[in-house]
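These notes are about the structure you will find just below.
Spelled out as structure tokens, the structure:
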């Protein structure tokens, strides 16, 4: 049902793109917009993951440059029965992460240095398991294509603002104004709907992959505080990619952030607690530690001991 709903939302976004084309150039504009949308979907299928990674200045790492982080992803990918994805680190102090790629065989996961420095290894594992769940569920292609079309809708609306539209359109100047104001908001609403249909499923599967729901629950609480305090210039410059992150990276400075692209954090944490109380998670399937040598990649020089995984909520009135 989630996939049917997502397909319908993508169709709605394509129809919105065509509607803007009609407002700008009439029937010819609508046909051109349809052709552009088809070309963009084809281009996105092959190249959008690389575009998103470049937008956020992600750098690829391997077992030599970031051994602890890379091996963590290896172990999680094995748990998820996935091909090892490419691994990227983003030099950004805001704690966040995302996954991208057209299919599980061509996937990539990325984490910010802020996330790697702020969270314990167990919490990082919970976050990256969530991202691998998106890969396993084939969410990454849908989310990346959505980001591309949403960005194009905003661009097309701006084009109409500067160059005017089709004066023969049935709604006249009112239609043009509505398009310029409402279209970007409508694109964000569709992004929000697509993201929300997938986040809870990824939280659940991510908890199963790492074996401990409370690792992700604890991480979400820290990330929520971090994104409120720490500005992310790359995300602000590319708001159409906001729904791809584990948590909305936007500060609220732009119109696009009037709508949340993610479910409420407290609701997500509560659902993860229910999984833990239901018996999922017995200390985790694995343990992680940060290397202390200078060759430890993004965790080098942390110089602090890491606490054990967060305690689970007690079961029953006596704990």
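Numbering (my numbering), first residue to last: 5 to 323. Positions of the beta carbon are idealized from the N, C-alpha and C atoms, including for glycine.
Where the alpha helix (DSSP H) containing residue i begins and where it ends
i	result
residue 228	217-233
residue 136	125-140
residue 117	117-122
residue 243	Segment: none, residue 243 is in no alpha helix (DSSP H) and carries neither H nor E.
residue 274	269-281
Close Cβ partners of residue i (< 6 Å) along its chain, the five nearest in sequence each way excluded
i	result
residue 38	22
residue 249	100 and 102
residue 60	94 and 238
residue 145	106
residue 18	41
residue 84	136, 140 and 213
Cβ shell of residue i (< 8 Å), same chain only, five flanking positions each side left out
i	result
residue 76	125, 128, 129, 132 and 292
residue 273	221, 224 and 225
residue 325	Residue 325 lies beyond the stretch modelled for the chain, which goes from 5 to 323, so this question has no answer here.
residue 25	33, 34, 35, 36, 37, 38, 40 and 160
residue 66	74 and 91
residue 277	217, 218, 221 and 317
Simplified DSSP state of residue i, which is helix, strand or coil
i	result
residue 105	strand
residue 112	strand
residue 94	strand
residue 84	coil
residue 67	coil
residue 24	helix
residue 4	In the structure displayed, the chain extends from 5 to 323; residue 4 sits before or after that span and is not available.
residue 249	strand
residue 261	Confidence at residue 261 is low in this model, with a pLDDT of 41, below 50, so its placement is unreliable and no value can be given for it.
residue 19	helix
residue 8	helix
Of the listed residues the options, nearest to residue i (C-alpha basis)
i	options	result
residue 11	32, 30, 149 and 25	149
residue 2	145, 217 and 57	Since the first residue shown for the chain is 5 and the last is 323, residue 2 is missing from the structure and cannot be characterised.
residue 102	8, 54 and 17	54
residue 40	157, 240 and 243	157
residue 216	280, 94, 114 and 60	280
residue 275	17, 207 and 30	207
residue 15	153, 244 and 243	153
residue 236	136, 96 and 245	96
residue 117	46, 83, 143 and 70	70
residue 8	20, 30, 278 and 143	143
Close beta carbons around residue i, own chain, < 7 Å, minus the five adjacent residues each side
i	result
residue 51	none
residue 312	Unreliable positioning characterises residue 312 in this predicted model, as indicated by a pLDDT of 39, which lies under 50. The coordinate reading is nonetheless provided below. For residue 312, where only same-chain residues beyond five positions count, there are no Cβ hits under 7 Å.
residue 134	206, 207, 210, 220 and 250
residue 122	99, 226 and 230
residue 228	251 and 269
residue 242	59
residue 282	none
residue 47	none
Beta-carbon separation (whole angstroms), residue i vs residue j, contact threshold 8 Å
i	j	result
residue 267	residue 231	Residue 267 to residue 231, Cβ: 14 Å. No contact.
residue 92	residue 63	6 Å
residue 205	residue 284	Contact doesn't hold; Cβ gap of about 15 Å is too wide.
residue 234	residue 78	The pair is not a contact, with the Cβ atoms about 29 Å apart (cut-off 8 Å).
residue 255	residue 240	7 Å
Any non-hydrogen atom of the ligand NAD closer than 7 Å to residue i Cβ
i	result
residue 146	As far as ligands go, the structure on display features none, and thus does not contain the ligand NAD.
Short CB-CB distance (under 8 Å) between residue i and chain B
i	result
residue 231	Among the protein chains of the structure shown there is no chain B, as only one such chain exists.
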